[in-house]
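What follows is a short report on a single structure.
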Amino acid sequence: MSNYHIKHLEEYYQVYRKSIREPENFWEEVAEEHFMWQRKWDRVLSWDFSRPEVKWFEGAQLNITENCIDRHLATRGNKTAILFEPNDPKDDAEHITYNQLYQRVNQFANVLKEQGIKKGDRVCIYLPMIPELAMAVLACARIGAIHSVVFAGFSATALSTRINDSDCKMVITSDGSYRGAKTIDLKGIVDEALNDCACVETVLVAKRIHSDIQMTSGRDKWLQPLLDNASTDCKAEVMNAEDPLFILYTSGSTGQPKGMVHTTGGYMVYTAYSFKNAFQYRENDVYWCTADIGWITGHSYIVYGPLANGATTVMFEGVPSYPDFGRFWEIVEKHKVNQFYTAPTAIRALAKQGLELVEKYDLSSLKVLGSVGEPINEEAWHWYNDNIGKKKSPIVDTWWQTETGGIMITPIPFVTPTKPTYATLPFIGIQPALMDENGKELKGNQVDGRLCIKFPWPSMARTIWGNHQRYKDTYFSAFENKYFTGDGALRDEVGYYRITGRVDDVIIVSGHNLGTAPIEDAINEHPAVAESAIVGFPHDVKGNALYGYVILKDVGETRDQDNLRKEINQIITEHIGPIAKLDKIQFTQGLPKTRSGKIMRRILRKIAHKDTSNLGDTSTLLNPEVVQDIIDNAF
Ligand code: 6R9
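Residue numbers for the sequence shown follow the working numbering, beginning at 1 and rising by one.
Below, the structure written as structure tokens:
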């Protein structure tokens, strides 16, 4: 198939050039050849970044579920679409074929309709990683309801804020969830959230942990009996290419979360095309992304991208540490996983464990390893490459965002030579630009600046739900006529990109711009260090000085702490220079993290500034308890 599967570097450059020179022709060909449209577009692209307004495949009609399910039935009906691996390894995995997926999604879609959900209504999905989650997402898409998945680890406050922001009519949840050895009372959290949500009329409840929960009569309904009585036929709603498919919230640097709105046609084309190429997925491969569907990674690369390619996609309910830290590798062996996609934070946690937990398992099925979510530090990259990929599975370090919908900068495995900590080259159709502080584009190689994208791509978010002005202010105002990512990046001598971290994480010390990621990289090279985070704090002479929070690998570490501090600064001096040395180093048991594993530097910054009176919203933290501990031991 022309253009669809890139096989060598020369071809990458050739296809890339075409996608840049003739973007409309390029994406039109991809869209024509590989998808099912009820009506073709009148126009491939219209755009204006000053408003900002972007439309792809305007006038086209389609339903994404016909592309993800129906069209595979003739050739792949009995192939596993979703391979569900439950929390408890003693429970059986479930292989859901494309035929079964078709029936179950249609039944679910009919239940939504019976409960009064119509095209354009918002449905909040607050479910653990069980098959019902994927079914609920697809059932919404089948009838044109806009899904808003909220990660089922968020608190009641975070949930109610999101439900109210987009005025959801329904919540789909479960009685509870398993998380390793623990159970979580999801329905209790929903009940609490709904005290503040007048817009919700119906709550559908899936049974997972069989706990005793309260059902509010008239509002709450058990899902399974409704599904059992529903027909397995449901005509797919006719959607315009630019009709919203979903809303997904992402936290802003301040205030209210931003409900990023993704639309149907462009999102489908781009996630499908990028999935196929960034993972080099081949028919009959088993692909596993360990993210939760509550994040964009799960939307694009567990559900839509893989299913649009007729792939087998693994859905894992549990955690990497249960029943022990070998679980990921056990699953890779058990299901003969070919592509494995995870986050640096998971890699670092696993690298802290003994190698015997890796060596116990046969990982020879692996062909491609992926990383996403934050910069992958050099040490973690090598551990992943050496011990999991056995130096033969390329690592695709994929840089992208909730806002971009799909992977933006990534190596193509077996095509792009990889380089540790580099996301390498722009994906097909993506035109990055690095900008200096004065808004000038930095041309050529060996430059370092703010990462922007200067031309639209099909899966970009079109607006922030209910607040187009904020969309414009956040992404299109910093640099004229460009989408601003909020990240910094450098382009090396061959044109490879390395993401240096959020630009708001750049700290200017004595007039030097320092990215937090390279300093953390250096610190993490110290054999005693498990993880670290750097923030700036005011300094009389330097303007800013650096404060490091460092987790040691061994909690019983008995070495003299002052010596360790010296050694850490020595490593920084070696890797970056004395300018990047830390003024303060606090050893800590943990770092405040968001549910997706990102360090909440805002909090660390406040602590370093000795300003702990108002730490802002900590309700979305994975581990709020570490905050007090850090405050108590701060300098
Ligand atoms: C997909 C996702 C987006 C932010 C992004 C950047 C960071 C993601 C990265 C990476 C370096 C990578 N990020 N992937 N940084 N290398 N491969 O994570 O979306 O949750 O919206 O986060 O994550 O800072 O701007 P989202």
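The beta carbon of each residue, even a glycine, is placed where N, CA and C say it ideally should be.
Checklist entry - Among A634, I603 and A580, which residue has its Cα nearest to the Cα of N623? => result If we check each option's Cα against that of N623, I603 comes out closest.
Next on the checklist: Tell me the residue span of the alpha helix (DSSP H) that contains K276.
Outcome noted: Element bounds for K276: G265 to A278.
Checklist entry - In angstroms, rounded to a whole number, what distance separates the CA positions of V286 and G180? => result Rounded to whole angstroms, V286 to G180 spans 24 Å at the Cα level.
Next on the checklist: Beta-carbon within less than 7 Å of E379's beta-carbon, same chain only, minus the 5 sequence neighbours each way: which residues are those?
Outcome noted: In its chain, beyond the 5 residues on either side, N524 and E525 have a beta carbon closer than 7 Å to the beta carbon of E379.
Checklist entry - Does any heavy atom of ligand 1 sit closer than 8 Å to the C-beta of K482? => result For ligand 1, not one heavy atom lies less than 8 Å from the Cβ of K482.
Checklist entry - When burial is assigned at 16 or more other CB atoms within 10 Å of the CB, is M36 buried or exposed? => result By the neighbour-count criterion, in which a residue is buried when 16 or more other Cβ atoms sit within 10 angstroms of its Cβ, M36 is exposed.
Checklist entry - For K258 versus Y267, is the C-beta spacing smaller than 9 Å? => result No.
Checklist entry - For G77, does the three-state DSSP call read helix, strand or coil? => result Under the three-state reduction of DSSP, G77 is assigned to coil, being neither helix nor strand.
Checklist entry - From I117 to L204, what does the alpha carbon distance come to, in whole angstroms? => result Pairing I117 with L204, the inter-Cα distance amounts to about 12 Å.
Checklist entry - Is the beta carbon of R502 within less than 8 Å of some heavy atom of ligand 1? => result Yes; taking the cut-off as 8 Å, the Cβ of R502 has a heavy atom of ligand 1 nearer than that.
Next on the checklist: Check for me: the alpha helix (DSSP H) holding F26 runs from which residue to which?
Outcome noted: Segment P23 to H34, the alpha helix (DSSP H) holding F26.
Next on the checklist: Can you look up P432 in the DSSP assignment and give me helix, strand or coil?
Outcome noted: Strand at P432.
Checklist entry - Taking the C-alpha atoms as reference points, what is the distance between M1 and P306? => result Any reading at M1 needs caution, since the residue's pLDDT is 42, under 50, leaving its predicted position unreliable; the model's value is listed next. One alpha carbon belongs to M1, the other to P306, and they sit about 18 Å apart.
Item to check | Start-to-end residues for the alpha helix (DSSP H) that takes in P344 | outcome: P344 to A351 is the extent of the alpha helix (DSSP H) around P344.
Item to check | Beta-carbon contacts of C68 that lie in its chain and below 6 Å, excluding the five residues immediately before and after | outcome: Cβ within range, chain order: L307 and A308.
Checklist entry - Under 9 Å between the Cβ atoms of D397 and I376? => result At a Cβ-Cβ threshold of 9 Å, D397 and I376 count as neighbours.
Checklist entry - Helix, strand or coil for G488 per DSSP? => result Three-state result, G488: strand.
Next on the checklist: So, under 8 Å CB-CB, V200 and C168 are touching, yes? Tell me the CB distance rounded to an integer number of Å.
Outcome noted: About 6 Å separates the two Cβ atoms, so the contact holds.
Next on the checklist: How far does the alpha helix (DSSP H) with T161 in it extend, from its first residue to its last?
Outcome noted: For T161, the uninterrupted alpha helix (DSSP H) segment begins and ends at A156 to D165.
Checklist entry - Would you call the CB atoms of A461 and G373 closer than 9 Å? => result Going by C-beta atoms, A461 is not nearer than 9 Å to G373.
Checklist entry - By the 10 Å Cβ neighbour count, where 16 or more other Cβ atoms means buried, how is W27 classified, buried or exposed? => result Per the 10 Å Cβ criterion, buried.
Checklist entry - With DSSP run on the structure shown, which of helix, strand or coil describes M1? => result Confidence in M1 is poor, its pLDDT being 42 and thus under 50, which makes the residue's placement unreliable; the coordinate value appears in the next sentence. M1: coil per DSSP, three-state reduction.
Next on the checklist: Check whether the region 187 to 198 and the region 158 to 168 are in contact - that is, three or more C-beta pairs closer than 8 Å.
Outcome noted: The region 187 to 198, when compared against the region 158 to 168, does touch it at the 8 Å Cβ threshold.
Next on the checklist: Extract the residue ranges of the beta strand (DSSP E) inside the region 82 to 110, only unbroken runs of 3 or more that lie entirely within it.
Outcome noted: Qualifying beta strand (DSSP E) stretches, in chain order: 94 to 97.
Next on the checklist: Which residue marks the beginning of the beta strand (DSSP E) containing F666, and which one marks its end?
Outcome noted: One cannot answer for residue 666 here, as it falls past the ends of the chain, which runs 1 to 635.
Item to check | Exposure of R601, with buried meaning 16 or more beta-carbon neighbours within 10 Å | outcome: R601 is buried by the Cβ-count criterion.
Next on the checklist: Can you find the residues in the same chain that come closer than 6 Å, C-beta to C-beta, to L45, ignoring five residues on each side of it along the sequence?
Outcome noted: A distance below 6 Å between beta-carbons, with the five flanking residues on each side excluded, links L45 to the following residues of its chain, in chain order: E24 and W56.
Checklist entry - What does R219 pair with, by DSSP beta-bridge criteria? => result In the DSSP output, where bridge partners are listed per residue, R219 has none listed.
Checklist entry - Should R17 go down as buried or exposed, given a rule of 16 or more other Cβ atoms within 10 Å for buried? => result Exposed, since its Cβ has fewer than 16 Cβ neighbours within 10 Å.
Checklist entry - Using the C-alpha atoms, what's the distance from F587 back to K610? => result Computed Cα separation, rounded: 17 Å.
Checklist entry - So, are the CB atoms of W400 and I331 less than 9 Å apart? => result No; because the gap between Cβ atoms is not below 9 Å, this pair is not in contact.
Next on the checklist: Please report the distance separating the alpha-carbon of H539 from that of T402.
Outcome noted: Put simply, the backbone Cα of H539 is about 35 Å away from that of T402.
Item to check | Those residues which DSSP pairs with E237 across a bridge | outcome: E237 is not bridged to any residue.
Item to check | V494 versus Y422: straight-line alpha-carbon distance, rounded | outcome: Going from the Cα of V494 to the Cα of Y422 covers about 12 Å.
Item to check | Straight-line gap, E567 to I519 (C-alpha atoms, nearest Å) | outcome: Cα atoms of E567 and I519: separation of roughly 14 Å, rounded to the nearest angstrom.
Checklist entry - What's the gap between the Cα of Q570 and the Cα of G370? => result Going by the C-alpha atoms only, they are around 32 Å apart.
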